Structure formats: structure tokens, C-alpha cells
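The sequence shown begins at 1 in the working numbering and counts up by one. So the structure is just underneath, and the comments pick up after that.
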Amino acid sequence: MKRTTLGLVHTSATLVPVFAQLCKAKLPDVDTFNIVDDSLVRAIGAKGALTADIARRVGSYITSAEAGGADYVLVTCSSIGPAVEASAPFAGVPVLRVDQPMVDQAVRMGRKVGVIATLPTTLHPTADLVRRRALVAGREVELVSRLCEGAFEALMNGNGAEHDARVATALRELSSQVDVVVLAQASMARVVESLTEAERRCPILASPPLAIDYLASVFAIPSRTA
1 MKRTTLGLVH TSATLVPVFA QLCKAKLPDV DTFNIVDDSL VRAIGAKGAL
51 TADIARRVGS YITSAEAGGA DYVLVTCSSI GPAVEASAPF AGVPVLRVDQ
101 PMVDQAVRMG RKVGVIATLP TTLHPTADLV RRRALVAGRE VELVSRLCEG
151 AFEALMNGNG AEHDARVATA LRELSSQVDV VVLAQASMAR VVESLTEAER
201 RCPILASPPL AIDYLASVFA IPSRTA
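Written out as C-alpha cells, the structure reads:
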């Protein structure tokens, strides 16, 4: 029997080992390969928005993943989420934006949803997705958005500790104000582990494990602990 192949499209090389570990634990019988282009997020930052030319590039990577043998494509960056949704209908295989399973879970868990990001170009698409998925679910939500100023720049300059400290501070504050927090960027997930139980005053959801759990259900793979 032919094994299922998952193609992962990233905008940061730092996410490759994160998803490799998750896939090994939760999708043991699925083959994977990665496509990485970190210039996409930089281009969005420089232009201030997800422009048509960047969206076309996202579509080309999805097409490349399909051409590379992917039976399913996961795009792991929320900043390009709208381009993923726009490209998906034209792909010959299913395509998933990484934050949709996380957002779907968040709108089920509480009415007051916090969204935290280190880039405004990621914050707005994620907040928009929360609103739209809440409508699909027939639920009313109140959004509380928080931008961690300077955290992304610190990460890009190689100062991961500064990034993590800024995100952790914002998470402590935001988690006391809402029913559930969603992390708009997969790169922020590692910060949650540094918080104590007392500092996590509400559930804090990260997209990588929830996306892989969702794919495990799609592929009908029994749940495993990472």
C-alpha cells in the first residue's frame, strides 16, 4: 500500500525540526518533505501587507509541493494564511493553513478569545480567521488582540531570549483577560512551556500540535503522545 505523503511549506527554517518531531510522534506512517522560503515574511513586512505577487508565490509553493508528490499540503505560516485559502481551490490535493484547527478549537472553548502575535501582518489575518470560523460554528466571540512589539525583530537578529521574554510577558497579561489565547505564529509555541501553571490563567493554544492532531484524524491515525 502506498504511504501518504505530507508536504510542508514553511516561511522559517526554525519550524522544520518542530514539525519533524510532531510528525514523527503523531504521523509515524506518513512520509514528509519540506519547502522553506523565509523571504516571504520579510517581503510582507517590507510591503506592509500580503500583496498579490507574494500570494502568487505562495500558490507556486503549494503547486510545487503537489508536484513533489504530496497527497496533502500543510502551510505552517499564519501570515500567508489568506493566500493559502485563495490557492487551495486550485490545488489537486487538500491544503490546510496551520492555524485553522487551533482557531476552531478556540471558538469552541470560550467567548472571549485572545490573539497574540509578534507581527501586525500576522495578527490581522489570525483575528480575521477567528471571526470567520466563529461564524461558521454559529458562535459569538469577543476578540482581544495583543502585538508583542520588538519580539520579531529580536528573533530575526538572533536574540531568541529577548523574543521569548517579550512574548512571555504579553502572555501573562493577556491570559488574565480572556477565556482562551491563540498564538498567531507557530514560532511562539516554545514560549508557553516556560510559563508556570499559575501564569497560564487560561488555555493557551499553539497551532503546530493541533494541526498535526487534525491531520492524524484526517489520515485516521490513532492519537499518540508527542
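The beta-carbon is built from N, C-alpha and C at its ideal position, and this holds for glycine as well. Treat the numbers as computed from the prediction; the structure is a model and nothing was measured.
Check                                                                                                                                                                              : Outcome
What is the rounded straight-line gap between the Cα of H124 and the Cα of G69?                                                                                                    : 32 Å
Considering only residues of the same chain and omitting the five flanking positions on each side of K112, which have a CB-CB separation below 6 Å?                                : E142, V178 and D179
Tell me the start and end of each unbroken beta strand (DSSP E) in the region 41 to 105 that is at least 3 residues and wholly inside, in chain order.                             : 72 to 75 and 95 to 97
Are the CB atoms of D99 and T126 within a distance shorter than 8 Å?                                                                                                               : yes
Give the list of continuous alpha helix (DSSP H) stretches no shorter than 4 residues that lie fully inside the region 107 to 162.                                                 : 120 to 137 and 151 to 156
Whole alpha helix (DSSP H) runs in the region 190 to 219 with 4 or more residues, listed along the chain?                                                                          : 207 to 218
Can you tell me where the alpha helix (DSSP H) holding V16 begins and where it ends?                                                                                               : L15 to K26
Can you list, in chain order, the residues of its chain with a C-beta nearer than 8 Å to that of G48? Leave out the 5 residues immediately preceding and following it.             : T121
Does V167 come out as helix, strand or coil in the three-state DSSP assignment?                                                                                                    : helix
Per the DSSP calculation, T11 is bridged to which residue(s)?                                                                                                                      : Its beta-bridge partners do not exist; DSSP assigns none.
Just the C-alpha distance for L22 and E173, rounded to the nearest angstrom, thanks.                                                                                               : 29 Å
To the nearest angstrom, how far is it from the Cα of T225 to the Cα of Y214?                                                                                                      : Residue confidence is low: T225 scores 45 on pLDDT, short of 50, so the model does not pin down where it sits. No coordinate-derived value is stated.
Quick one: Cα of S78 to Cα of A86, how far?                                                                                                                                        : 13 Å
Using CA atoms only, rank isn't needed, just tell me which of V192, G138 and L6 is closest to G110.                                                                                : G138
Between A186 and A206, which are expected to be in contact by the criterion C-beta below 8 Å, what is the C-beta distance as a whole number of angstroms?                          : 7 Å
Please determine, among G150, L210 and S175, the residue with the shortest C-alpha to C-alpha distance to M102.                                                                    : L210
With a threshold of 7 Å on Cβ separation, who are the neighbours of G150 within its own chain once the five nearest residues in sequence on each side are excluded?                : R166
CA-CA distance, D31 and V191?                                                                                                                                                      : 28 Å
Could you tell me if D164 is buried or exposed, where buried requires 16 or more neighbouring beta carbons within 10 angstroms of its beta carbon?                                 : buried
Could you name the residues of the same chain whose beta carbon sits closer than 8 Å to that of R131, not counting the 5 residues immediately before and after it, in chain order? : V141 and L143
Can you grab the Cα-Cα spacing for the pair R133 / R108, in whole Å?                                                                                                               : 10 Å
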